[in-house]
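Numbers given in our numbering equal positions in the sequence shown, counted from 1, plus 1086.
Every residue gets a Cβ at the ideal spot worked out from N, C-alpha and C, and that includes glycine.
Here is the structure we will look at, set down as structure tokens.
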Amino acid sequence: MDIIIGKYSGFCNGVKYTIDQANKIISENKDIYCLGEIVHNENVVEELEKKGMKTIHSINECPNNSKLIIRAHGDLKETYDKAKEKGVQIFDLTCGKIKSIRMKIDKKKDDHFIIIIGKKNHPESLGVQSFSGNNSYIIEDESNINECIEKLANSKKDKAYIISQTTFNSDKFDKLVNILKEKIQKELIVEKTICNATSNRQQETDLISKEVDLMIIVGGKKSSNTKELEVISKKNCKNVLLIQDVNDLKNMNYKKIKKIGIMAGASTPEIIVNEIIDYIKKEEK
Ligand code: SF4
């Protein structure tokens, strides 16, 4: 059996930086809190929690004058403000690419309506929107376009600035932008801020899934970039599995499978992918 492993599989630079820094911070400090899952991968979160990091779900759970990690996706502007009020020391591990989107928005938000094309409930989209002021809207799919146009009209801004969540599906972004261009008669500035790590991984997933009998996508169940890889693979391959780790592969029948493709999302550690490869090789014998 052939196994094709994506060369863009696994940690992106942003996630790697966040996890390396978190390990360093945990080793040098006591009582470190992290607001939300540090990255969308349960195995990674568990490892860091074993070392002493405490995951909390609201800034209100963070004691006054304590220490707080802001995760790779970043967080709401209100979180930074509230942390300051509580005397909380912040270790901001937001990926530099997401910080740079926030800076771009900051320059445009006074005279542009901000449109974020991304998942509506994703912490990155919500975080970026919170830095956009009142005149902003998140579009996840075509069903949101009319409401966005209504909000844009009410905002009285004559220009709109469109950006994307860094892990959004590239084709879907292009499609939504084309619809917006047809429907909006105002000046539109479009910046496709999908991260290279995401687009490379999506393109490679598309290629690999076209030539295998089984495509295995590895990643956290809540990971947006991982789910996109599953969607892309399903367009090309009848047999697609989204798994978190090797335990999800138990009892698989590989008899009719000649070629397997493996691609891991941006928050998936290499060790998890290696365990999966070892397991498949053993089962094959
Ligand atoms: S996918 Fe890109 S933007 Fe997101 S954390 Fe990784 S490097 Fe940063």
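Check: Using a threshold of 8 Å, is the CB atom of T1312 nearer than that to any non-hydrogen atom of the ligand SF4?
Finding: Position 226 of the sequence shown, counting from 1, holds the residue named residue 1312. No, Cβ of T1312 sits at least 8 Å from all heavy atoms of the ligand SF4.
Note to self: According to DSSP, simplified to helix, strand and coil, what is T1253?
What the structure shows: Position 167 of the sequence shown holds residue 1253. Note: T1253 maps to coil in three-state DSSP.
Margin query: What I want to know is whether the C-beta of C1281 ends up closer than 8 Å to one or more non-hydrogen atoms of the ligand SF4.
Written below: In the sequence shown, the residue the question calls residue 1281 occupies position 195. Checking the 8 Å criterion, the Cβ of C1281 is within range of a heavy atom belonging to the ligand SF4.
Check: Pairing CB atoms from the region 1238–1247 with CB atoms from the region 1167–1184, are three or more of them under 8 Å?
Finding: Short answer: they don't touch.
Check: Since L1328 sits in a beta bridge, which residues does DSSP pair it with?
Finding: Position 242 of the sequence shown, counted from the start, is the residue given in the question as residue 1328. In the DSSP output, where bridge partners are listed per residue, L1328 has I1303.
Notebook entry, point to check: Per DSSP, L1154 is paired with what?
Noted result: Start at 1 with the first residue of the sequence shown, and residue 1154 comes out as number 68. L1154 is bridged to Y1119 and I1176.
Checklist line | Collapsed DSSP secondary structure at A1352 in the structure displayed | finding: Position 266 of the sequence shown holds residue 1352. DSSP places A1352 in coil when its eight states are reduced to three.
Check: In or out: N1220 buried (at least 16 other Cβ within 10 Å) or exposed?
Finding: Residue mapping note: residue 1220 aligns to position 134 of the sequence shown, counting from 1. For N1220, the number of other beta carbons within 10 angstroms of its own is below 16, and it is reported as exposed.
Next item on the list: Please go through the same chain and pick out, in chain order, the residues whose beta-carbon is closer than 8 Å to the beta-carbon of I1124, but skip the five residues on each side of it.
Entry: Position 38 of the sequence shown holds residue 1124. If we look at I1124 and ignore the five residues flanking it on each side, its Cβ neighbours are T1104, I1105, A1108, V1130, V1131, L1134, M1139, T1141, I1155, R1157, A1158 and L1179.
Item checked: Distance, H1126 Cα to T1354 Cα -> By one-based count along the sequence shown, residue 1354 stands at place 268. By one-based count along the sequence shown, residue 1126 stands at place 40. So the two alpha carbons sit approximately 9 Å from each other.
Checklist line | Per-residue burial, I1275 [other beta carbons within 10 Å of its own, 16 or more giving buried] | finding: Within the sequence shown, residue 1275 is the residue found at index 189, counting from 1. Label assigned to I1275: exposed.
Notebook entry, point to check: Is S1229 buried or exposed, if buried means 16 or more other CB atoms sit within 10 Å of its CB?
Noted result: Looking up residue 1229 in the sequence shown gives position 143. It counts as exposed.
Item checked: Spatial neighbours of S1319 in its chain, beta-carbon cut-off 7 Å, leaving aside the 5 residues before and after -> By 1-based counting over the sequence shown, the position of residue 1319 is 233. Excluding residues within five positions, the ones whose Cβ falls inside 7 Å are T1291, S1295, M1301, I1303 and V1326.
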